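Notes follow once the structure below has been shown.
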Amino acid sequence: MGYTLTEKVLKEHLISGQLTAGEEICIKVDQTLTQDTTGTMAYLELEAMNIGKVKTEVSVAYIDHNMLQTGFENADDHAFIKSMAINHGIIFSKPGNGICHQLHLERFGKPGKTLIGSDSHTPTCGALGMLAIGAGGLDVSIGMATGTYCLKMPKIIKVELRGKLQKNVSSKDVILELLRQLSVKGGVNSIIEYSGDGVKTLSLTQRATITNMGAELGATTSIFPADERTLDFLTRQGRSEDYHPLSADTDAVYDSEIIIELDQLVPMIARPHSPDAVTPIPSEKIVLNQVAIGSCTNSSYEDLMQVAKILEGERVHPTIDLVISPGSSNIITMLADNGALSTFIKAGARILEAGCGPCIGMGQAPKSAGVSLRTFNRNFKGRSGTFDAQVYLTSPIVAAYSAIKGYIADPRELTKDLTVELPEKFTVSNNYFIFPNDEKVQVEKGPNIGEFPNKQELESQINGIVILKTGDNITTDDIAPSSADLLKLRSNIPKLSEYCFKTIIPDFKARCQANGGGIIIGGDNYGQGSSREHAALLPLYLGIQAVIAKSFARIHKSNLVNAGIIPLEFADTTDYELFTELETHVQILNLADQLQSDQVEVLVNEKPILCKIVLSQRDKDILACGGMLNYSLAKFGGNS
Ligand code: MIC
Ligand code: SF4
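When we follow this note's numbering, the leftmost residue of the sequence shown carries the number 572, and every step to the right adds one.
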């Protein structure tokens, strides 16, 4: 029996465990990445562990999210991260250089290597044939400190791509189609492996759009084979030596298989407020106020050159604001050199610096009840910076064409040729990078940077009231909302805790304070979306002891364990009905002992029900220590 691509990479990196779905495995980490909104916590944690140089081959600290500097906070965070990077042998990417995932693809990703990143879209580099996994900041700092990462061995889903995309249909439509079929929880605890004759028809950055947005399926990661298109990309980036071919064996066995006929796909959109609310472009006119092109999903040279071709000689519709945020400084240079940048400006577009920008509400919030069409990966309520915005997701081709028309328009009507010739050599500049040497600097910690909230130890019992009962698919944007105003509080858990669950109820913090903390009851796929550990740290700070849900999203569940909050799953999902917000009392006795088993007895208003503990022994040990920081300090003695 042959091996899948995933198994091949994992076999090369396996430290412990067996490659059987559901088993805990620990793997060698070759590379890590952090970005600034999760980075401050990750580096506070690294500081607490008191290590010298990182143990990875390559670790990079990117500044790409918190780019607006309307006060001292973001600049202070950047300075802190930079000083930690210099001291620990980490490459620092200055603000303005671009989005972590685009830059990592351009400069550092390598076929066959492993990458752990404190951002849920880290799987973008799976386009290069690397195993790239998003994780909480604490897991990434452990990865930097020890060169290891542990996870539950996922199932492997084969997606066979057949044929070729039709004119003006994009690789974005491939991933939107998968979201339509599988939903935002269809990939949880799975790795999506692409194969088939359609693979070679997709360029590297087209593949990266697909692997990037596998995060929206809840997948652990997504991976493409490394082939001649991979070599082509690496050669144009001036690093052909990083290439080696990688593909699954023809007799590899998968847990399940899906076939996508590329030529059957049509241009699609995801409707508000979920990336899986996917439909073809409707015949009714959806009139737009804003079009935003960019983000780690769709800001490559190829994407933006297609946009330039559409905008050439045209004018952005008078009712629309078109905003373009390129993925990297190198891409901006190439667009400036070949005239595309002036095409954008002549058409009437607004140009932003290279970074996440409006994707995370860092500016460009739509007007009241505004309708915005975006090439991004998430359209969760409130994420644009306003709660009443109607945000649709789509490809750059649909977005650019719609920006001219004034409504969401089908680009198959377009007669222009959108074929993009890639430059023989991409621009590659090091001027925004600071590469480590043996220099040591004073760690700079501005007044906004607080302590990493940490639990002392595991309680002897859980005893509290249900503070909140949620529905299905609650996002980390619901638990720990993000916007330009809030992102600057990412290093300040007490202040940020005011906003915990603000998209759902106005008084979550007050409820916690009035009851001395308590329990959260969740539906299916609780905590989907980002890797932000703030979605666990804010509830921890407010005294939440446990979350009982129908099921959890992968990264959030790990973040809960790392924070020392117990994630439990209903043994019988109809028990969900037994709980009422602010009324039901929950008790779990003999916590330490019960946690060692596979199920616990939960007293719901004194009547017992059973809940499952779907955790590895290592997770249980972490919880027994009161969280990952205590666990790792005990294990590595603060000096690994
Ligand atoms: C996101 O797209 O939601 C973010 C902002 O990049 C997050 C990280 C964060 O919350 O800081 C992610 O995807 O992990
Ligand atoms: Fe940045 Fe948006 Fe990508 Fe998150 S999804 S890394 S906010 S561009």
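All residues carry an ideal CB built from backbone N, CA and C; glycine is no exception.
These numbers come from a predicted model, not from an experiment.
Would you list, in sequence order, the uninterrupted beta strand (DSSP E) runs of no fewer than 3 residues that lie entirely inside the stretch 947-1034? Taking only runs of at least 3 residues, the beta strand (DSSP E) segments lying wholly in the stretch 947-1034 are 961-964.
Backbone CA spacing between Asp648 and Cys927 [nearest angstrom]: Whole-angstrom Cα-Cα distance: 16 Å.
Tell me whether Asn1210 sits in a helix, a strand or coil according to DSSP, three-state version. With a pLDDT of 46 at Asn1210, under the threshold of 50, the modelled position of that residue is not reliable, and the figure given next carries that caveat. Residue state, collapsed to three classes: coil.
Using a threshold of 8 Å, is the CB atom of His672 nearer than that to any non-hydrogen atom of the ligand SF4? Yes, the ligand SF4 has a heavy atom inside 8 Å of this Cβ.
Does the distance between the C-beta of His1127 and the nearest non-hydrogen atom of the ligand NAD fall short of 8 Å? This structure lacks the ligand NAD; the ligands present are the ligand MIC and the ligand SF4.
Alpha carbon of Ile902 to alpha carbon of Ile1036, nearest angstrom: Rounded to the nearest whole angstrom, the CA to CA distance from Ile902 to Ile1036 is 52 Å.
Bridge-paired residues (DSSP) for Glu828: Note: Glu828 sits in a beta bridge opposite Lys729.
Mind checking who Thr603 pairs with in its DSSP beta bridge? Per DSSP, Ser630 and Ile687.
Could you check whether Leu893 and Ala918 sit closer than 9 Å to each other, using their CB atoms as the reference points? Cβ atoms of Ala918 and Leu893: closer than 9 Å.
Looking at Glu828 and Glu748, is the spacing between their C-beta atoms short of 9 Å? No, these two residues do not count as a Cβ contact at 9 Å.
If you follow the alpha helix (DSSP H) that Glu748 is in, where does it begin and where does it stop? Ser742 to Leu753 is the span of the alpha helix (DSSP H), which, as asked, contains Glu748.
Give me the Cβ distance between Leu674 and Tyr633, rounded to the nearest whole Å; I'm assuming they're in contact under 8 Å. Contact flag correct, Cβ pair sits at about 6 Å.
Straight-line gap, Leu709 to Asp1164 (C-alpha atoms, nearest Å): For Leu709 and Asp1164, the distance between alpha carbons rounds to 26 Å.
Which same chain residues end up closer than 6 Å to Lys1206 when comparing Cβ atoms and leaving out the 5 residues on each side of it in sequence? There are no such residues.
I think Gly941 touches Gln861, with their Cβ atoms under 8 Å apart; what is that distance to the nearest whole Å? Taking the Cβ atoms as the reference, Gly941 lies roughly 6 Å from Gln861, within the contact range of under 8 Å.
Nearest to Glu924 (by Cα), restricted to the options Phe651, Val962, Ser1187 and Ser896: Among Phe651, Val962, Ser1187 and Ser896, the Cα nearest to that of Glu924 is on Ser896.
Could you tell me the distance, in whole angstroms, from the CA atom of Asn1210 to the CA atom of Thr717? A caution first: Asn1210 carries a pLDDT of 46, below 50, which makes its placement in the model too unreliable to give a value.
Could you name the residues that DSSP lists as bridge partners for Lys723? Beta bridge pairing from DSSP links Lys723 with Glu595.
Is the beta carbon of Val755 less than 9 Å from the beta carbon of Asp826? At the C-beta level, Val755 and Asp826 stay beyond 9 Å of one another.
To which residues of the same chain is Met1199 closer than 6 Å at the C-beta, ignoring the five residues directly before and after it? Excluding residues within five positions, the ones whose Cβ falls inside 6 Å are Leu709, Asn1133 and Ile1193.
Less than 6 Å between C-beta atoms, sequence neighbours within five positions excluded: which residues of the same chain meet that for Ile746? The answer, listed in chain order, is Ile781 and Met784.
Assuming the contact rule is C-beta atoms closer than 8 Å, Lys665 and Ile1005 should be a hit. Round their C-beta distance to whole Å, please. The Cβ separation is near 7 Å, so the contact holds.
Is the beta carbon of Pro994 closer than 9 Å to that of Val1216? Lying outside 572 to 1211, the shown extent of the chain, residue 1216 is not represented and no answer is given.
So the candidates are Thr850, Lys1178, Ser973 and Ser939; which of them puts its Cα closest to the Cα of Phe958? The residue with the shortest Cα to Cα distance from Phe958 is Ser939.
Check whether the Cβ of Gln606 lies closer than 8 Å to any heavy atom of the ligand SF4, and answer yes or no. Yes, the Cβ of Gln606 comes within 8 Å of a heavy atom of the ligand SF4.
Thr1046: beta carbon under 8 Å from a heavy atom of the ligand SF4? Checking the Cβ of Thr1046 against the ligand SF4 gives no.
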